[in-house]
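*Asks:* Got a structure here, written out as structure tokens. Questions coming.
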Amino acid sequence: MTAELHCAHCDQETLHTLVYAGRLLVSTTCQTCQTQVKHEPGDLRIQYVKDLENRILTKPGRLWKRFWRSPVAVFWSFPKKTIEQPRKIWDEIKELFK
Ligand SMILES: [Zn+2]
9 MTAELHCAHC DQETLHTLVY AGRLLVSTTC QTCQTQVKHE PGDLRIQYVK DLENRILTKP
69 GRLWKRFWRS PVAVFWSFPK KTIEQPRKIW DEIKELFK
């Protein structure tokens, strides 16, 4: 996947290679100078979970509030049965926090 983006190194709009994990952008590489810009894995995970949040229709608000305060810790203590989410989504999240 490619897109025209501004490259700080070339100081102009150049063609970049975009690398995605699912629907999220992981890194962009300038095809002219090969400068790669990586997106923070931490940010990526938070973005990903926020994205999931939008996909989840029934969400217990209090749990999510706790989740934002301490995502990893709360995730592992999630009583999964209290959240009736498709198993697939939790498997996706688990992958991210491994
Ligand atoms: Zn460049």
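When you read off a place in the sequence shown, starting at 1, and then add 8, the result is the number in this note's numbering. For each residue, glycine too, the CB sits at the ideal point set by N, CA and C. Remember, predicted model here, so these are calculated numbers, not experimental data.
Measure from the alpha carbon of Thr28 to the alpha carbon of each residue in Gln20, Val45 and Phe105, then state which is nearest.
*Replies:* The residue given as residue 28 occupies position 20 in the sequence shown. At residue 28 the sequence reads Tyr, which differs from the Thr that was named. For the residues Gln20, Val45 and Phe105, the minimum Cα distance to Tyr28 belongs to Val45.
*Asks:* Can you list the residues near ligand 2, meaning Cβ strictly closer than 7 Å to any non-hydrogen atom, in the order they appear in the chain?
*Replies:* Absence of ligand 2 from the depicted structure is noted, with ligand 1 being the only ligands included.
*Asks:* Given this structure, state the Cα-to-Cα distance separating Glu21 from Met9, to the nearest angstrom.
*Replies:* Sequence index remark: in the sequence shown, residue 21 carries index 13 (1-based). Sequence index remark: in the sequence shown, residue 9 carries index 1 (1-based). Looking at the two C-alpha atoms, the distance is approximately 16 Å.
*Asks:* Taking C-alpha atoms, which residue in Trp98, Cys18 and Leu32 lies nearest to His47?
*Replies:* Working through the sequence shown from its first residue, we reach residue 47 at position 39. Residue Leu32 is the option with its Cα nearest to His47.
*Asks:* Any idea which residues DSSP pairs Gln44 with across the strands?
*Replies:* Here residue 44 refers to the residue found at position 36 when the sequence shown is read from its first residue. For Gln44, the beta-bridge partners assigned by DSSP are Thr37.
*Asks:* Can you have a look at Thr40 and say buried or exposed, based on whether 16 or more other CB atoms are within 10 angstroms of its CB?
*Replies:* Within the sequence shown, numbered from 1, the residue matching residue 40 stands at position 32. Burial call: exposed.
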